[in-house]
Structures are given as structure tokens and as C-alpha cells.
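Undergrad:
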Amino acid sequence: MSIAFVIVSHSAKLAQGVVELAQQMAKDIEFRAAGGTDDGGIGTSFDAIYSAVEELTEAGHQVVLLTDLGSADMTVEAVLEVVDGDVVRFCPGPLVEGAVAAAVTAQVGGDLDAVAEAAKARDIFA
Amino acid sequence: MTNLDVEWAKDWMRRSSALLTERRMELIDLDRAIGDGDHGENMARGFTFVVQRIDENPPEDVPGVFKLVAQTLMSKVGGAAGPLYGTAFMRAAKAAEGDLDAASVADICAAALEGIVARGKATTGEKTMVDAWTPAITAARAAAEAGQSPAEALRAAADAAAKGAEETIPMQATKGRASYLGERSIGHQDPGATSTSYLLGAAADAAEAAS
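Chains as they are written, first to last, in the working numbering: chain F, 868 to 993; chain L, 9 to 219.
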């Protein structure tokens, strides 16, 4: 079962940019950007995050969610209440560094625990 | 004593939408002072959608209205208010069994606060909406125990929430983006506590109009 990522940001551009950056280092990994509100504003969308997670889990992936700021965490936690918790994990960490480190870890075959640890990007900020 | 039914719940949402639209700029200004400035816009927009959905597909009971509110706010309100109020109304929907008496008013407020705390992990004194909900529940509970009506319990809750919101002014924020401001967050009223007092005020207005 391969690991895929949903990058959640208040900004659609930021989510998309983080996906591009992480994809460059992890060519075989699936990413979805869930940034901004449904009408293109700044914020996060329960529906956008939920449908990205559903699409990836239905394709057989384990899904890792990464976020930018506190209220994105809350929206993700609300989504986690209604999806299969065994294959979906929220991994807190600094978004840009965490996404790249976690994506590379997934690319080289790391499991969920290893990816979650990498997402904290501890080495970078030590 | 009139129990609060689905007509009250729908009227509450209409009054909330009107009030939040009217106070939009005030909430925006409060949120600009210590946050990202989106609270007024998000609340007004979220409750406009709520009323639209109630009109399109009227729920049949009180829990049905709360569930519709929860789902709408969760998907339409981009800021922290979406998941916080969304979770609050979801828990309130689970706690409400049908029409509400004064004791159930206190129960649904307590369930709402549990949801907010589960989601936001805040406690009293941190300059958040928890500082409005907590005294509101105590007041509603006291009114219910004194044998007052559901409308009186809601008015007591709304007044306590408004006072709780005012008391956030001297607090320093330690949760959310306002906490980045440190001591500079002191001297401003918290926008989430303020919108909580407006919501409970609208609930009391609707209850008084129905009784």
C-alpha cells in the first residue's frame, strides 16, 4: 500500500506550490492540493479536503495530511472524524520542510510512522 | 411554558444571519485587531448559506436544523470559525432529542462547548469563544434549576456570554493566531467570543418571539 499526500493550506497557491516542490523530490508519489475555500478565498474547505482523502483512499493509498496553520488543523481533524482512521493520518509539522522530508521518505519506501516522523522536520530545525 | 421547536430553530438561524450581516464590519474590525480579519465576512457568509439551505430543504426537527448548520458552516466557512462552530452544532444536534425545555437549553450549550474544546483545545482565560460559552452554560443551568422558561434560560445564557466576551478585553491570547501578538493582544475583545454572544442573543430573541 503506497503513501499519498494531501497538502492543506489556507491558500490555493501555497498548497499547489508545496505539491510542486515535494513532487520534484518524490516522482512516484501521489499528491493532492487542498488549498483555499470553495469560492477561491483564503481559508480551508472541509469538502475539498474530504474529497481529496476519499479519492486517494479509494485508489488504495494510505493518506498523509499536512497543514499550514491552526484552523487548517481543525478542519483536518473534523475530516478525520468521518474517514477511515486506519489509513489516514494527520502529520503536524512545518509545511514546506515537512512535506519535502515526508515525501522523500515515502518515495524511498518509508512506512506511515517514518513518514510522520519525517514530517516533523526535526533534523532541519535541530 | 413553551418548549423550543423546529420553528424556533429556523427563526434562530434567520435572526443569526441578519444580526451577523448587520455586525459584519464590527467583527471584521475586532478580528483585524488581533487576527486575520476574516471572521465577520466568514460568519455573515456562512449563515447566509445556512438560511438558503433551510429555505431550500426545511429540516423537520431541531436536531435536523443543527445538523444542517454544522454541515454548512464546516464546508462554507474557511477560517477557524467553520470547524469550531461546525463541531459545536454537530454536538448540539446529537444532544438535542426533539423540542427543548430549559434544561435541554443548558445541555445543548454544554455539548456545543465540549465540541469547541475538543476541536480548539482551548480553556477559559485564553481569550477565545470558550470565555463566552462557559458562563453561558452556568447561567442557563441556573435558570433551568430555578424553574425558568427556555426563553429565560437562553436570555440568561446570552447575557452571560456578552459579559464573558467583554471580559476577554484585558486577556492575553494564548491560542490561535492572536497568540502571535503576545501582549499586544491585550485591550481587544475576542471576535469569536463576540460572535458567540450574538448567536446566543439571536436564539433568545427567537425564543421570546415564539413564547
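Glycine included, each C-beta is placed from N, C-alpha and C at the ideal position.
No experiment lies behind these values; they were computed from the predicted model shown.
Assuming L/A164 is part of the alpha helix (DSSP H), what are its boundary residues?
TA: Residue mapping note: residue 164 of chain L aligns to position 156 of the second sequence, counting from 1. Counting along the chain, the alpha helix (DSSP H) containing L/A164 begins and ends at 158-174.
Undergrad: What does the Cβ neighbour count give for L/M137, buried or exposed, with the cut at 16 atoms within 10 Å?
TA: Here residue 137 of chain L refers to the residue found at position 129 when the second sequence is read from its first residue. Here L/M137 is buried, its C-beta having at least 16 other C-beta atoms within 10 Å.
Undergrad: State yes or no: is the C-beta of L/A170 within less than 8 Å of the C-beta of L/S219?
TA: Taking the second sequence and counting its residues from 1, one reaches residue 170 of chain L at position 162. Taking the second sequence and counting its residues from 1, one reaches residue 219 of chain L at position 211. Their beta carbons are not under 8 Å apart, which means L/A170 does not touch L/S219 by this criterion.
Undergrad: Would you say F/A901 and F/I870 are within 8 Å of each other, going by their C-beta atoms?
TA: In the first sequence, residue 901 of chain F corresponds to position 34, counting from 1. In the first sequence, residue 870 of chain F corresponds to position 3, counting from 1. Not a contact, by the Cβ cut-off of 8 Å.
Undergrad: Quick one: does F/T942 have its CB under 8 Å from some CB of chain L?
TA: Within the first sequence, residue 942 of chain F is the residue found at index 75, counting from 1. Chain L contact via Cβ: present.
Undergrad: In terms of DSSP beta bridges, what is F/T934 paired with?
TA: Within the first sequence, residue 934 of chain F is the residue found at index 67, counting from 1. DSSP output for F/T934 lists F/V875 as bridge partner(s).
Undergrad: If the cut is a Cβ gap below 8 Å, which residues of chain L does F/S869 touch?
TA: Locating residue 869 of chain F in the first sequence gives position 2, where the first residue counts as 1. The premise fails here: F/S869 is roughly 29 Å from chain L at the closest Cβ pair, so nothing lies under 8 Å.
Undergrad: Would you call the CB atoms of L/Q156 and L/A110 closer than 8 Å?
TA: Taking the first residue of the second sequence as position 1, residue 156 of chain L is located at position 148. Taking the first residue of the second sequence as position 1, residue 110 of chain L is located at position 102. A distance below 8 Å separates the beta carbons of L/Q156 and L/A110.
Undergrad: Are any of the Cβ atoms in chain F nearer than 8 Å to that of L/G48?
TA: Looking up residue 48 of chain L in the second sequence gives position 40. Residue-level contact check: L/G48 does not touch chain F, since none of the beta carbons of chain F fall below 8 Å from its beta carbon.
Undergrad: Does any residue of chain F have a CB that is nearer than 8 Å to the CB of L/R298?
TA: As shown, chain L starts at 9 and ends at 219. That puts residue 298 of chain L outside it, with no answer to give.
Undergrad: Under 8 Å, Cβ to Cβ, is there at least one residue of chain L near F/T934?
TA: The residue labelled residue 934 of chain F in the question sits at position 67 within the first sequence. Chain L, which has no Cβ nearer than 8 Å to the Cβ of F/T934, makes this no.
Undergrad: For F/A996, write down the residues that DSSP places opposite it in a beta bridge.
TA: The shown model of chain F, from 868 to 993, leaves out residue 996 of chain F, and the question about it has no answer.
Undergrad: Is it right to say L/I177 is buried, meaning 16 or more other beta carbons lie within 10 angstroms of its own, or is it exposed?
TA: Within the second sequence, numbered from 1, the residue matching residue 177 of chain L stands at position 169. Classification of L/I177: exposed, given that the 10 Å Cβ count is below 16.
Undergrad: Pull up the CB-CB distance for L/K18 and L/P66, whole angstroms please, since I reckon it's below 8 Å.
TA: As a first step, residue 18 of chain L must be located in the second sequence, where it is residue number 10. As a first step, residue 66 of chain L must be located in the second sequence, where it is residue number 58. About 7 Å; that satisfies the 8 Å criterion.
Undergrad: Quick check: the Cα distance between L/L189 and L/A96, rounded to an integer number of angstroms?
TA: What you label residue 189 of chain L is simply residue 181 of the second sequence in a count that begins at 1. What you label residue 96 of chain L is simply residue 88 of the second sequence in a count that begins at 1. Near 27 Å, if we compare the C-alpha coordinates of L/A96 and L/L189.
Undergrad: Can you check whether the C-beta of L/R185 is within less than 8 Å of a C-beta belonging to chain F?
TA: Taking the second sequence and counting its residues from 1, the one referred to as residue 185 of chain L is at position 177. Yes, contact with chain F.
Undergrad: Inspect the beta-carbon positions of L/A173 and L/D198 and report whether they are closer than 8 Å.
TA: To locate residue 173 of chain L, count along the second sequence from 1; it is residue 165. To locate residue 198 of chain L, count along the second sequence from 1; it is residue 190. Against a cut-off of 8 Å, the Cβ pair of L/D198 and L/A173 comes out as a contact.
Undergrad: Any idea if F/M892 is buried or exposed, counting beta-carbon neighbours within 10 angstroms, 16 or more meaning buried?
TA: If you number the first sequence from 1, residue 892 of chain F lands on position 25. Counting the other CB atoms within 10 Å of its CB gives F/M892 a total below 16, which places it among the exposed residues.
Undergrad: Under DSSP, the beta strand (DSSP E) around F/R956 begins and ends at which residues?
TA: Start at 1 with the first residue of the first sequence, and residue 956 of chain F comes out as number 89. Segment 955-957, the beta strand (DSSP E) holding F/R956.
Undergrad: Is the distance from the Cβ of F/V963 to the Cβ of F/V885 below 8 Å?
TA: One-based indexing of the first sequence puts residue 963 of chain F at position 96. One-based indexing of the first sequence puts residue 885 of chain F at position 18. Against a cut-off of 8 Å, the Cβ pair of F/V885 and F/V963 comes out as a contact.
Undergrad: Note down, in chain order, all residues in the segment 896-907 of chain F with a beta-carbon under 8 Å from any beta-carbon belonging to chain L.
TA: G903, T904, D905
Undergrad: Whole angstroms are fine: how far does the CA of L/A151 sit from the CA of L/A159?
TA: For the purposes of this step, residue 159 of chain L is identified with residue 151 of the second sequence, where counting begins at 1. For the purposes of this step, residue 151 of chain L is identified with residue 143 of the second sequence, where counting begins at 1. For L/A159 and L/A151, the distance between alpha carbons rounds to 10 Å.
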